[in-house]
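Novice: Sequence lines, in order, name chains A and B. Remember, this note's numbering sits 33 above the position in the first sequence when you count from 1. Remember, this note's numbering sits 496 above the position in the second sequence when you count from 1. Using N, Cα and C, we set each Cβ at its ideal position, and we do this for glycine too. These figures come from a predicted structure and were not determined experimentally.
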Amino acid sequence: MALKTEEMVLNMGPQHPSTHGVLRLEVALNGELVLDIKPHIGYLHRCFEKHCEAMSYPQIVPYTDRMDYLASMSNNFGYAVAVERLMGIEVPERVDYIRVIMAELQRIASHLVALGTYGVDIGAFTPFLFCFRDREKILEIFEETSGARLLYNYIWVGGLAQDIHPDFVRKTKEFVDYFRPQITDLNNLLSYNKIFIERTANVGILPADTAINYGITGPNLRGSGVKWDLRKDDSYSIYDKFDFDIPVGEGKVGTVGDSWDRYYVRILELEESLKIIEQAIDNIPEGDVQEAIPKRVKPPKGSIYTRVENPKGELGYFIISDGTLNPFRVKVRAPSFVNMEVFGELCKGHFVADIITILGSIDIVLGEIDR
Amino acid sequence: MYELLENTVGNQVIAFFIAAALPLFLFILPYAIIAVLLERKVSAHMQDRLGPMITGYHGILQTVADILKLIQKEDIIPTLADKKLFILAPFIIFVASFAAFAAIPFSSEYIGSSIDVGLFYILAISSFVVAGILMGGWASNNKYSLLGAVRSAAQIISYEIPTAIVVLTMVMLTGTLNLETITNQQTAYFWNWNIFGGAALGLSKFVLIPLMFGAFLIIFISMLAEVNRTPFDIAEAESELVSGFHTEYTGMRFAMFFLAEYANMLAISFVITALFFGGYHSPFGYLGNSLGAEWLIPFEQLFWFTSKGIFFVILQMVLRWTLPRLRVDQLMTVCWKYLIPYSIAILLIVGFITVL
Chain A
34 MALKTEEMVL NMGPQHPSTH GVLRLEVALN GELVLDIKPH IGYLHRCFEK
84 HCEAMSYPQI VPYTDRMDYL ASMSNNFGYA VAVERLMGIE VPERVDYIRV
134 IMAELQRIAS HLVALGTYGV DIGAFTPFLF CFRDREKILE IFEETSGARL
184 LYNYIWVGGL AQDIHPDFVR KTKEFVDYFR PQITDLNNLL SYNKIFIERT
234 ANVGILPADT AINYGITGPN LRGSGVKWDL RKDDSYSIYD KFDFDIPVGE
284 GKVGTVGDSW DRYYVRILEL EESLKIIEQA IDNIPEGDVQ EAIPKRVKPP
334 KGSIYTRVEN PKGELGYFII SDGTLNPFRV KVRAPSFVNM EVFGELCKGH
384 FVADIITILG SIDIVLGEID R
Chain B
497 MYELLENTVG NQVIAFFIAA ALPLFLFILP YAIIAVLLER KVSAHMQDRL
547 GPMITGYHGI LQTVADILKL IQKEDIIPTL ADKKLFILAP FIIFVASFAA
597 FAAIPFSSEY IGSSIDVGLF YILAISSFVV AGILMGGWAS NNKYSLLGAV
647 RSAAQIISYE IPTAIVVLTM VMLTGTLNLE TITNQQTAYF WNWNIFGGAA
697 LGLSKFVLIP LMFGAFLIIF ISMLAEVNRT PFDIAEAESE LVSGFHTEYT
747 GMRFAMFFLA EYANMLAISF VITALFFGGY HSPFGYLGNS LGAEWLIPFE
797 QLFWFTSKGI FFVILQMVLR WTLPRLRVDQ LMTVCWKYLI PYSIAILLIV
847 GFITVL
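Structure, rendered in structure tokens:
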């Protein structure tokens, strides 16, 4: 007679050290093996989209900060680009340069959080603190210019909240020089660590066609070997002026599209962002950053969908204007929300420990999933 | 030392108890307090930060403050927990990890109990920990605790095999299970240590050196796994299982698990020191001998033994803050596919050499 066995349902989160926020996972387990996984979201829902309908266009900017709170600058940037395109505003070149530098610094900061917490998920605590130490330097630069460390409200429709701090250029250059060697350090400490590779290579393989079918974007899609980056493929702002590569996953230590590839694409993107910053920082033109800010932001009747490359993927804003001061509807395509959907499929047949590995490699932010 | 105690107390049995319990109170508890702080400082300086700085000069009183806080905490026993086992588990782990020190020779004048099966006793008593872990994990009535406990049981039982095989190798080489005898065979200078082939002479010594290094690596790795330290801390696996088998424990019960972990670290360091690194013997002669002050020698021996032990403790700390954690199946692979075959090979070759 066969022994009667039961699958165990483990409730992970919303209070759990590695769910990267308030995510609840309902995991069906057979011993250590994952049979099924159901993510439950919504613990951080703040009705962002509904709020927008009762607010004027400039008032929405601080709300966009709070979506992907690790990349507030990029959120502001995307929203500003969307409204500017809807209204047909041309911003001064100085504004564009500053925006691009800010967005790339923000990308580095966001990736550093992703890489560092990924180390913690796997059990290496030291790289986490190294990453946060470096991120701190970026936050200091942001703080000097915008006055805030996390939620900047800096990139406004048509311009910037204020001009850059006099020390901004010097500090950014110092940071670029300081940060390059740190990437090598991080690689030696974590990326090429034998145990780390054992844990992440061939785990949670996401083939390119599945990734495209699920609508995965950002480093996760590039990790699967698809060369797709909105900065190049659907260029916005002045990204077409800069020379940079799009790193993709090559399956260096395992299969293309495994967790290690997704992790390593982020490492490579740090270098690309540094390249863009280096090209931009010396060429910031003179000018007034606020001259194009409209007195009343009142877009004509119509709708627009604009997408930008956020650190986590494609952030899209769909804005319907009815010709008044408030938008009729603002819909956000949040990259984390879309990337999260493939998570359950990636986890099936893996071990409990791999849930955390895969979740960390997708790099989600709950503030953006729940909005 | 033992005679001294017997004369003072006047009763053999009581003297025996005191001798066995003395290292616990004189040495291990203060050590645990220092080691917790040491770990925080070591990790802090590895990570470019300072660690505790406020309580006392450079935070030296931090652990004392932590323990005082933990004593005051409410002692929570979950409603659905198996109350008896839940209370018993920390005691078993605490006792098992501290009892191992009874058979460890601290210096030529002091060993808790110089029994002839010392090594065997240490192996046996430290595997008793697994009973406590399973008890705690099961009694907590928490799925994370259960997963952690089951993982830990599988891990400790597997890794005992390479440990036992290496110990067997050493027993074959030295011909005894008594740690004091093993230590005394490695007297005089450091090239007599077992890691350098022991006191043997001639060709066999040179053949033994690489084998002993291999044996040392195997026993160090498997003992790391036995005490659940990173990279083998899957039983606690903070990022997956919250805290593993002691998730539900609070206050002083939690502190007992915590202190037992540090005691375990020291215990394995001491066993490795005694087996491979000359035990309490100095690597180069004694100051007491050259000064003609023989009373100094036991203290020097205590110093050397402690320093070697602490060195391995620090090594474990550095490893912990450098390496990521293995997955449960990889952990088993390391043990069954690598450590056990190699340790058996070393056992066979060393056996062959000793027979010759």
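Going by CA-CA distance only, name the one from B/Ile514, B/Glu676 and B/Gly644 that's closest to B/Ser739.
Specialist: As a position in the second sequence, residue 739 of chain B is number 243, starting the count at 1. Ranking B/Ile514, B/Glu676 and B/Gly644 by Cα distance to B/Ser739 puts B/Gly644 first.
Novice: Which residues does DSSP list as the beta-bridge partners of A/Lys364?
Specialist: Counted from its first residue, the first sequence places residue 364 of chain A at position 331. According to DSSP, A/Lys364 bridges with A/Phe351.
Novice: Going along chain A in order, which residues have a C-beta closer than 8 Å to the C-beta of B/Gln543?
Specialist: What you label residue 543 of chain B is simply residue 47 of the second sequence in a count that begins at 1. By Cβ distance, chain A contributes Phe158, Thr159, Leu162 and Phe163.
Novice: For B/Asn724, does the three-state DSSP call read helix, strand or coil?
Specialist: As a first step, residue 724 of chain B is located in the second sequence; it is residue number 228 there, counting from the start. Judged by DSSP in its simplified three-state form, B/Asn724 adopts coil rather than helix or strand.
Novice: What residues match up with A/Asn44 in a beta bridge as DSSP calls it?
Specialist: Counting from 1 along the first sequence, the entry for residue 44 of chain A is found at position 11. BP columns for A/Asn44 point to A/Glu59.
Novice: With DSSP run on the structure shown, which of helix, strand or coil describes B/Tyr640?
Specialist: As a working mapping, residue 640 of chain B is identified with position 144 in the second sequence. If DSSP states are grouped into helix, strand and coil, B/Tyr640 belongs with the helices.
Novice: In three-state DSSP terms, what is A/Phe384?
Specialist: Here residue 384 of chain A refers to the residue found at position 351 when the first sequence is read from its first residue. Here A/Phe384 sits in strand by DSSP.
Novice: For the alpha helix (DSSP H) that B/Ser803 lies in, which residues bound it at each end?
Specialist: Against the second sequence, residue 803 of chain B aligns to sequence position 307. It spans Leu792 to Arg816 - the alpha helix (DSSP H) in which B/Ser803 sits, taken as one unbroken run.
Novice: Which residues in chain A have a C-beta closer than 7 Å to the C-beta of B/Thr800? List them in chain order.
Specialist: As a position in the second sequence, residue 800 of chain B is number 304, starting the count at 1. For the sequence presented, residue 800 of chain B should be read as Trp rather than Thr. Simply none; closest approach about 31 Å.
Novice: Below 7 Å between beta carbons is the criterion; list the residues of the stretch 203-232 of chain A that meet it against any residue of chain B, in chain order.
Specialist: Listed by position along the chain: Asn226, Ile228, Phe229, Glu231 and Arg232.
Novice: If the cut is a Cβ gap below 8 Å, which residues of chain A does B/Pro727 touch?
Specialist: Taking the first residue of the second sequence as 1, we reach residue 727 of chain B at position 231. Per Cβ cutoff of 8 Å: Gly156 and Ile228.
Novice: Spatial neighbours of B/Ala577 within its chain, please: C-beta separation below 6 Å, excluding the five flanking residues on both sides.
Specialist: By one-based count along the second sequence, residue 577 of chain B stands at place 81. Result list for B/Ala577: Ala635, Ser636 and Asn637, in chain order.
Novice: With distances taken from CA atoms, which of B/Arg821, B/Phe590, B/Tyr776 and B/Leu787 is nearest B/Lys804?
Specialist: Numbered from its first residue, the second sequence carries residue 804 of chain B at position 308. Checked all of B/Arg821, B/Phe590, B/Tyr776 and B/Leu787; the closest Cα to B/Lys804 is B/Tyr776.
Novice: Alpha carbon to alpha carbon, what distance is there between B/Pro586 and B/Phe753?
Specialist: To locate residue 753 of chain B, count along the second sequence from 1; it is residue 257. To locate residue 586 of chain B, count along the second sequence from 1; it is residue 90. Near 6 Å, if we compare the C-alpha coordinates of B/Pro586 and B/Phe753.
Novice: Could you tell me which residues DSSP puts in a beta bridge with B/Ser603?
Specialist: To locate residue 603 of chain B, count along the second sequence from 1; it is residue 107. The partner list for B/Ser603 (beta bridge, DSSP) reads B/Tyr606.
Novice: Output, in chain order, the set of chain A residues within a Cβ distance shorter than 8 Å of B/Pro820.
Specialist: Mapped onto the second sequence, residue 820 of chain B falls at position 324. Gly152, Ile155, Gly156, Ala157, Leu223, Asn226, Ile228, Phe229 and Arg232, listed in chain order.
Novice: With a CB to CB cut of under 8 Å and the five nearest residues on each side skipped, what residues in its chain are close to B/Pro836?
Specialist: Numbered from 1 along the second sequence, position 340 holds the residue referred to as residue 836 of chain B. One point to set straight first is that residue 836 of chain B is Ile, not Pro, in the sequence displayed. Counting only Cβ-Cβ distances below 8 Å, and skipping sequence neighbours, we find Ile657, Pro658 and Ile661.
Novice: Quick check on A/Val371: does DSSP put it in helix, strand or coil?
Specialist: Here residue 371 of chain A refers to the residue found at position 338 when the first sequence is read from its first residue. DSSP places A/Val371 in the helix class (H, G or I) of the three-state scheme.
Novice: When the cut-off is 8 Å and only beta carbons count, does B/Arg823 lie next to chain A?
Specialist: As a working note, residue 823 of chain B is residue 327 in the second sequence. Chain A, which has a Cβ nearer than 8 Å to the Cβ of B/Arg823, makes this yes.
Novice: How would you list, in chain order, the residues of chain B whose beta-carbon sits under 8 Å from the beta-carbon of A/His49?
Specialist: For the purposes of this step, residue 49 of chain A is identified with residue 16 of the first sequence, where counting begins at 1. Result: Val738.
Novice: Give the straight-line distance between the Cα atoms of B/Asn760 and B/Phe728, rounded to the nearest whole angstrom.
Specialist: Translated into the one-based positions of the second sequence, residue 760 of chain B becomes position 264. Translated into the one-based positions of the second sequence, residue 728 of chain B becomes position 232. Roughly 14 Å between the two C-alpha positions.
Novice: When you compare the CB positions of A/Val236 and A/Arg255, do they come within less than 8 Å of one another, or not?
Specialist: In the first sequence, the residue the question calls residue 236 of chain A occupies position 203. In the first sequence, the residue the question calls residue 255 of chain A occupies position 222. Not closer than 8 Å, so no.
Novice: At a CB distance below 7 Å, what residues from the stretch 824-839 of chain B approach chain A? Give them in sequence order.
Specialist: Of all residues in the stretch 824-839 of chain B, Val824, Asp825 and Gln826 have a Cβ within less than 7 Å of some Cβ in chain A.
Novice: Decide yes or no for the touch test of the stretch 624-634 of chain B against the stretch 788-795 of chain B: beta carbon pairs closer than 8 Å, at least 3 of them.
Specialist: no
Novice: Can you tell me which of A/Gln323, A/Ser224 and A/Lys71 puts its alpha carbon nearest to the alpha carbon of A/Ser292?
Specialist: Counting from one through the first sequence, the residue named residue 292 of chain A turns up at place 259. Of A/Gln323, A/Ser224 and A/Lys71, the residue nearest in Cα terms is A/Ser224.
Novice: What is the rounded straight-line gap between the Cα of A/Tyr90 and the Cα of A/Thr243?
Specialist: Counting from one through the first sequence, the residue named residue 90 of chain A turns up at place 57. Counting from one through the first sequence, the residue named residue 243 of chain A turns up at place 210. Spanning the two alpha carbons is a distance of roughly 37 Å.
Novice: Within 8 Å of any Cβ in chain A, is that where the Cβ of B/Trp817 sits?
Specialist: Translated into the one-based positions of the second sequence, residue 817 of chain B becomes position 321. Chain A contact via Cβ: present.
Novice: CA-CA distance, A/Phe81 and B/Ala531?
Specialist: For the purposes of this step, residue 81 of chain A is taken as the residue at position 48 of the first sequence. For the purposes of this step, residue 531 of chain B is taken as the residue at position 35 of the second sequence. If you take the alpha carbons of A/Phe81 and B/Ala531, they lie about 49 Å apart.
Novice: Name the chain B residues whose beta carbon is nearer than 7 Å to that of A/Glu65?
Specialist: The residue labelled residue 65 of chain A in the question sits at position 32 within the first sequence. Neighbours of A/Glu65 on chain B, chain order: Val824.
Novice: Where A/His84 and A/Arg99 are concerned, what is the direct C-alpha to C-alpha distance, given to the nearest angstrom?
Specialist: On the first sequence, residue 84 of chain A is found 51 positions in, with the first residue counted as 1. On the first sequence, residue 99 of chain A is found 66 positions in, with the first residue counted as 1. Cα-Cα distance, rounded: 13 Å.
Novice: Check whether the stretch 596-616 of chain B touches the stretch 568-584 of chain B, counting contact only when three or more Cβ pairs, one atom from each stretch, lie closer than 8 Å.
Specialist: no
Novice: So, does the CB of B/Leu643 fall closer than 8 Å to a CB anywhere in chain A?
Specialist: Taking the first residue of the second sequence as position 1, residue 643 of chain B is located at position 147. By this cut-off, B/Leu643 is an interface position.
Novice: Helix, strand or coil for A/Gly237 per DSSP?
Specialist: Taking the first sequence and counting its residues from 1, one reaches residue 237 of chain A at position 204. It is coil, neither helix nor strand.
Novice: Could you name each continuous alpha helix (DSSP H) segment of 4 residues or more that falls completely within the stretch 252-300 of chain A, going from the start of the chain to the end?
Specialist: 252-256 and 263-266
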